[in-house]
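Residues 0 to 67 in numbering that gives the first Met the number 0 are what the sequence shown spells out, letter by letter.
Backbone N, C-alpha and C fix where the C-beta goes; we use that ideal spot for every residue, glycine too.
Scroll down for the structure; my scribbles are underneath it.
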Amino acid sequence: MVREVKELREKSVDELREELDAARTELRNLKVKLQMAGQGENTSNIRNLKRRIARILTILNEKQLEKK
0 MVREVKELRE KSVDELREEL DAARTELRNL KVKLQMAGQG ENTSNIRNLK RRIARILTIL
60 NEKQLEKK
C-alpha cells in the first residue's frame with residue numbers, strides 16, 4: 000500500500016484523473032457483474048477499488064490545496 004501511495008503522489012493531476020475514471024469504470028463493471036451473477040465471487044475487489052478511489056481523491060485534494 001505504501002508503494003502504491005508513493006507512486007500515486009508522483010503522478011500528475013491529469014494522470015490521477017485518468018486513473019480515477021478507470022477505477023470508477025472498473026468498479027461499476029464489477030457491481031454489475033455482482034448483480035447479474037447473484038453471488039459475490041470476489042467482493043474483496045470491490046472493497047479494494049473503493050479504497051483505491053479514496054486514495055486517489057485524497058491525493059488530488061492534497062495537490063489542489065498545495066496550489067492555494
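So, is residue i buried or exposed, given that buried needs 16 or more other C-beta atoms within 10 angstroms?
{"i": "Ala21", "result": "exposed"}
Relative to the alpha-carbon of residue i, which residue among the options has its alpha-carbon at the smallest distance?
{"i": "Arg97", "options": "Leu59, Asp13, Asn44 and Glu6", "result": "No answer is possible for residue 97: the residues shown for the chain start at 0 and end at 67."}
For residue i versus residue j, is the C-beta spacing smaller than 8 Å?
{"i": "Ile58", "j": "Glu18", "result": "no"}
{"i": "Leu29", "j": "Leu48", "result": "yes"}
Out of curiosity, what's the CA-to-CA distance linking residue i and residue j?
{"i": "Asn60", "j": "Val12", "result": "10 Å"}
{"i": "Gln63", "j": "Val31", "result": "33 Å"}
{"i": "Asn41", "j": "Val4", "result": "23 Å"}
For residue i, which residues of its own chain have a beta-carbon under 8 Å away from its beta-carbon, when the five flanking residues on both sides are left out?
{"i": "Ile52", "result": "Leu19, Ala22, Arg23 and Leu26"}
Considering only residues of the same chain and omitting the five flanking positions on each side of residue i, which have a CB-CB separation below 6 Å?
{"i": "Leu15", "result": "Ile55 and Leu59"}
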